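Novice: For the sequence shown, position 264 (counting from the first letter as 1) is numbered 264 according to full-length UniProt numbering, and the numbering increases by one without interruption. Before I ask anything, here is the structure I am working with.
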Amino acid sequence: MSYWTVLALAAAGMLMTINQTFLLGIAGFQPLGNGFLYYLIGIFLAAAYLIFPARRADAARVPWYDWLCAVLAIVATGYLAIHALDIINMGWEFEAPTEAVAASGVLVVLVLEGVRRCGGWPLLAVALLFGSYPLYAAYMPGFLWGTDYDLAGTIRIHAMGVESIIGIPMQVVANLVIGFVVFGSALTITGGGEFFMKLATALMGRSRGGPAKVAVVSSALMGSLSGSVISNVLTTGAITIPVMKRTGYPAHYAAAVEACASTGGTLMPPVMGAVAFIMASFLGVPYAEVMIAAFLPALLFYVALLMQVDGYAARKGLKGLAPEEIPSIRQTLKEGWSYLLCLGALIYMLLFMRMEAYAPWYATAVLLVLSMFRSKYRMNWARVQELLMDLGRNVGNLVAVLAGIGLVVGGLSYTGVAGAFSRELLLYAGDSVALMLIAGAVTSFVLGMGMTVSACYIFLSVLLAPALVQAGLNPLGAHLFILYWGMMSYITPPVSLAAITAAGVAGADNTRTGLFAMRLGSVLFILPFLFVLNPSLILQGSVGWILLSATSALLAIWLFASALEGWLYRVGILGWPSRAVLLAAGATLIYPDPITDVIGLAAIGGVYAVHLLFRSKRPGAA
Numbered sequence: 001m002s003y004w005t006v007l008a009l010a011a012a013g014m015l016m017t018i019n020q021t022f023l024l025g026i027a028g029f030q031p032l033g034n035g036f037l038y039y040l041i042g043i044f045l046a047a048a049y050l051i052f053p054a055r056r057a058d059a060a061r062v063p064w065y066d067w068l069c070a071v072l073a074i075v076a077t078g079y080l081a082i083h084a085l086d087i088i089n090m091g092w093e094f095e096a097p098t099e100a101v102a103a104s105g106v107l108v109v110l111v112l113e114g115v116r117r118c119g120g121w122p123l124l125a126v127a128l129l130f131g132s133y134p135l136y137a138a139y140m141p142g143f144l145w146g147t148d149y150d151l152a153g154t155i156r157i158h159a160m161g162v163e164s165i166i167g168i169p170m171q172v173v174a175n176l177v178i179g180f181v182v183f184g185s186a187l188t189i190t191g192g193g194e195f196f197m198k199l200a201t202a203l204m205g206r207s208r209g210g211p212a213k214v215a216v217v218s219s220a221l222m223g224s225l226s227g228s229v230i231s232n233v234l235t236t237g238a239i240t241i242p243v244m245k246r247t248g249y250p251a252h253y254a255a256a257v258e259a260c261a262s263t264g265g266t267l268m269p270p271v272m273g274a275v276a277f278i279m280a281s282f283l284g285v286p287y288a289e290v291m292i293a294a295f296l297p298a299l300l301f302y303v304a305l306l307m308q309v310d311g312y313a314a315r316k317g318l319k320g321l322a323p324e325e326i327p328s329i330r331q332t333l334k335e336g337w338s339y340l341l342c343l344g345a346l347i348y349m350l351l352f353m354r355m356e357a358y359a360p361w362y363a364t365a366v367l368l369v370l371s372m373f374r375s376k377y378r379m380n381w382a383r384v385q386e387l388l389m390d391l392g393r394n395v396g397n398l399v400a401v402l403a404g405i406g407l408v409v410g411g412l413s414y415t416g417v418a419g420a421f422s423r424e425l426l427l428y429a430g431d432s433v434a435l436m437l438i439a440g441a442v443t444s445f446v447l448g449m450g451m452t453v454s455a456c457y458i459f460l461s462v463l464l465a466p467a468l469v470q471a472g473l474n475p476l477g478a479h480l481f482i483l484y485w486g487m488m489s490y491i492t493p494p495v496s497l498a499a500i501t502a503a504g505v506a507g508a509d510n511t512r513t514g515l516f517a518m519r520l521g522s523v524l525f526i527l528p529f530l531f532v533l534n535p536s537l538i539l540q541g542s543v544g545w546i547l548l549s550a551t552s553a554l555l556a557i558w559l560f561a562s563a564l565e566g567w568l569y570r571v572g573i574l575g576w577p578s579r580a581v582l583l584a585a586g587a588t589l590i591y592p593d594p595i596t597d598v599i600g601l602a603a604i605g606g607v608y609a610v611h612l613l614f615r616s617k618r619p620g621a622a
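Here you go:
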């Protein structure tokens, strides 16, 4: 019963989104104002209650109280949707009928429980603390003081104000993200994952350490379109991890490679996950601008991963796949050209036509039409069910979490504390941009342990990002800085969700996998400082300066990878003194300045000279 109900809810949500996006007015239904948002929240919050159980004991069944919560979610949001224009025109945010306040109260309570189920207890604690802030803001000291509201007023601003539950994050989900979730699901069920795996194998399988390189490339391709770290680990990792283990990689190292590669997929355009769309809305820029800015840092991250797994394979003597296991590149492209066509069409519509809202729907339509000509992946009723269940699960989780973090944003915004916090942070930091960045990095990292990436980013974009921008940093770079550091928790113990998931697939120790993933993904600790201080790395500035910055960053990453793995091209295995020199040389190349570049290049030349002239005959030398 619950299965079919979730399918019906997901179908209703998808059809309503299509109707709203393309202004179809099906059966004369075209919600105005915030009505569309309330309908979607009700639909997907109800789905979340039927999919995510309140207790582990309820995993195999849906108890009566979950059905009650699902019905209440639809009824409460339905009431608010029907009166959406009254809420705006008559200012119900400040004064509303009793029944409207009651419906709003029900919605707030349901949102809090949804946050607990989908985001966990830490996120619930944050949502409660800051969501209730208007109740006691007037009693707080110093810059924490703010405008206070009574209980009814607090409920009204959260449920009917435009800066809380139905704020920018929820608007982005409704107007943009659902379409990309549908595209990612359609790509997976029509064989896109298998094609990208075969393509990566055809390109990288023959080289030394080929299975690990296949994991990196396939996860980058699949993650860039799905935008989901955990699903990426479970889909591509289920294939790549066993192959890596079979060809000589330890279980923990194979899991760490997949965890890092899947985490980077969320940073790789064109899709990048929901948080990138939210970022574009917060910044007031087209999504294409965020895509372009994120491209080079994500590419540098994957280049660093490839260099590290290559160095590890060279040091350990690991080979590539057997010739019979490598598919023909020509045959692979012949079978999967339709996926590349859809990907190209999506990128063209996003970058050149600026059709963010329409692009995923058109790309999905093309993908489904082309799949009808392939009997293996032709859409049938089973695949339609899989797509709808995927949609219900993913968007239901997203709506529950973002509605909860909306309470946090609303509590800080309506009391005025958000702006005061940014001013106070600037005052304490003085003129030290470095101090602000370090504080921001630590805060993002810690919050990322207890929140989803989207929740962590939204929270800090309200509190921290304005201070970074006022300190003179590039706005886009500052927001990307927060996003990158918030994502560290995916591969860093004790949380390391991606590493733990990959360790489960590999049968490896969680902590050991997390530590190796942190080492493999260590470039993520460096990249945010690179591009926030040097906007040319997010492709802003003159072409010459961008090329110089990219070249010096690439050299720096190569040196870091060589030092971490203890192996250098044309030299071979390195001792600790040489590794230390390479780390120092990489540090000098981080920021593109002629003097530091010369020092770094001289250090590289020195290492090569020493090894090639005096140690060329030692074991392990290339």
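Every residue, glycine too, gets a C-beta built ideally from N, C-alpha and C. The model shown is predicted, which means the values in this text are computed figures rather than measured ones.
1. Taking A304 as the reference, which of S562, L582, L574, I595 has the closest Cα?
2. If L480 and A294 are in contact, beta carbons under 8 Å, what's the gap, nearest whole angstrom?
3. Taking the alpha-carbon of S228 as reference, which of L124, A274, F143 has the nearest alpha-carbon?
4. Which of the three DSSP states, helix, strand or coil, is assigned to G572?
5. Who are the near neighbours of M75 in its chain, counting only those whose CB is closer than 7 Å to its CB and skipping five residues on each side?
6. Could you please give me the residues that DSSP links to W567 through a beta bridge?
7. Which class does Y149 belong to by DSSP, given the choice of helix, strand or coil?
8. Can you tell me whether F130 is buried or exposed? The criterion is at least 16 other CB atoms within 10 Å of its CB, across all chains shown.
9. Compute the Euclidean distance between the alpha carbons of A499 and I18, then round it to the nearest angstrom.
10. Helix, strand or coil for Y249, going by three-state DSSP, please let me know.
11. Extract the residue ranges of the alpha helix (DSSP H) inside the segment 514-553, only unbroken runs of 4 or more that lie entirely within it.
12. Relative to the C-alpha of T190, which residue among A382, T443, V610 is closest?
13. Does DSSP put T501 in a helix, in a strand, or in coil?
14. I need the DSSP call for V610, collapsed to helix, strand or coil.
15. Quick one: measure Cβ to Cβ for A478 and L468, integer angstroms, because I've assumed they're closer than 8 Å.
16. Would A174 and L107 be called neighbours here (beta carbons separated by less than 7 Å)?
17. With distances taken Cα to Cα, identify the nearest neighbour of G521 among G146, Y428, T263.
18. What residue range is occupied by the uninterrupted alpha helix (DSSP H) comprising A455?
19. Going straight from the alpha carbon of Y348 to that of P270, what length do you get?
20. To which residues of the same chain is L50 closer than 7 Å at the C-beta, ignoring the five residues directly before and after it?
21. Can S403 and I165 be called in contact, C-beta distance under 7 Å?
22. With T443 and H252 assumed to form a contact (beta carbons below 8 Å), what rounded beta-carbon distance in angstroms separates them?
23. List the endpoints of the continuous alpha helix (DSSP H) containing D509.
24. In three-state terms, what does DSSP make of D593?
25. If you count every other CB in all the chains shown that lies within 10 Å of the CB of V290, and 16 or more means buried, which is it?
26. Nearest CA to the CA of A27: which residue from L15, L583, Y249?
27. Among A47, L367, S422, whose alpha-carbon lies nearest the alpha-carbon of G336?
28. Is the segment 578-591 touching the segment 546-566 in the sense that three or more CB pairs, one from each, lie closer than 8 Å?
29. Quick one: using the 10 Å Cβ neighbour count with 16 as the cut-off for buried, is I458 buried or exposed?
30. Out of G572, I557, Y490, G205, state which residue places its alpha-carbon closest to the alpha-carbon of I584.
31. CA-CA distance, S207 and K316?
32. Checking 7 Å against the spacing of the C-beta atoms, do G265 and A200 come in under that value?
33. Mapping the DSSP letters down to three states, classify P360 as helix, strand or coil.
34. Under three-state DSSP, which class holds V62?
35. Quick check on the burial criterion: 16 or more other C-beta atoms within 10 angstroms. Buried or exposed for R423?
36. Report the rounded CA-to-CA distance for S552 versus I155, giving the unit in angstroms.
Specialist: Short version:
1. Residue S562 is the option with its Cα nearest to A304.
2. Confirmed, about 7 Å.
3. Selected option, being the one with the closest Cα: A274.
4. Strand.
5. What sits at residue 75 in the sequence shown is Val, not Met. Once the five neighbours on either side are set aside, V75 has no close Cβ partner at all.
6. Paired residue(s): I573.
7. Y149: coil per DSSP, three-state reduction.
8. Buried, since its Cβ has 16 or more Cβ neighbours within 10 Å.
9. Our two residues, A499 and I18, have alpha carbons roughly 36 Å apart in a direct line.
10. Reduced to three states, the DSSP call for Y249 is coil.
11. Fully enclosed alpha helix (DSSP H) runs of 4 or longer: 523-533.
12. Of A382, T443, V610, the residue nearest in Cα terms is A382.
13. The answer is helix: DSSP assigns T501 an H, G or I state.
14. The answer is helix: DSSP assigns V610 an H, G or I state.
15. Between L468 and A478 the Cβ distance is about 4 Å, and since that is below 8 Å, they are a contact.
16. Result no, Cβ atoms of A174 and L107 do not sit closer than 7 Å.
17. Among G146, Y428, T263, the Cα nearest to that of G521 belongs to T263.
18. Counting along the chain, the alpha helix (DSSP H) containing A455 begins and ends at 453-463.
19. Taken atom to atom, the span from the alpha-carbon of Y348 to that of P270 is near 10 Å.
20. Closer than 7 Å at Cβ, skipping near neighbours: S2, T5, V6, V62, D66, A70.
21. It should be noted that the sequence gives Ala, not Ser, for residue 403. In contact: A403 and I165 (Cβ atoms closer than 7 Å).
22. With 8 Å as the limit, T443 and H252 do not qualify as a contact, their Cβ atoms being about 30 Å apart.
23. Under the DSSP assignment, D509 falls outside any alpha helix (DSSP H); it carries neither an H nor an E label.
24. Of the three classes helix, strand and coil, the one that applies to D593 here is coil, per DSSP.
25. By the 16-neighbour rule on beta-carbons within 10 angstroms, V290 is buried.
26. Comparing alpha-carbon positions, the option among L15, L583, Y249 lying closest to A27 turns out to be L15.
27. Residue L367 is the option with its Cα nearest to G336.
28. When C-beta atoms of the segment 546-566 are compared with those of the segment 578-591, three or more pairs fall below 8 Å, so the two segments count as touching.
29. By the 10 Å Cβ count, I458 comes out buried.
30. In the sequence as displayed, the identity of residue 584 is Ala instead of Ile. Comparing Cα-Cα distances from A584 to each of G572, I557, Y490, G205, the minimum goes to I557.
31. Computed Cα separation, rounded: 14 Å.
32. Cβ distance not < 7 Å, so G265 and A200 don't count as in contact.
33. Note: P360 maps to helix in three-state DSSP.
34. Three-state DSSP puts V62 in coil, outside helix and strand.
35. With fewer than 16 Cβ atoms within 10 Å of its Cβ, R423 is classed as exposed.
36. Near 53 Å, if we compare the C-alpha coordinates of I155 and S552.
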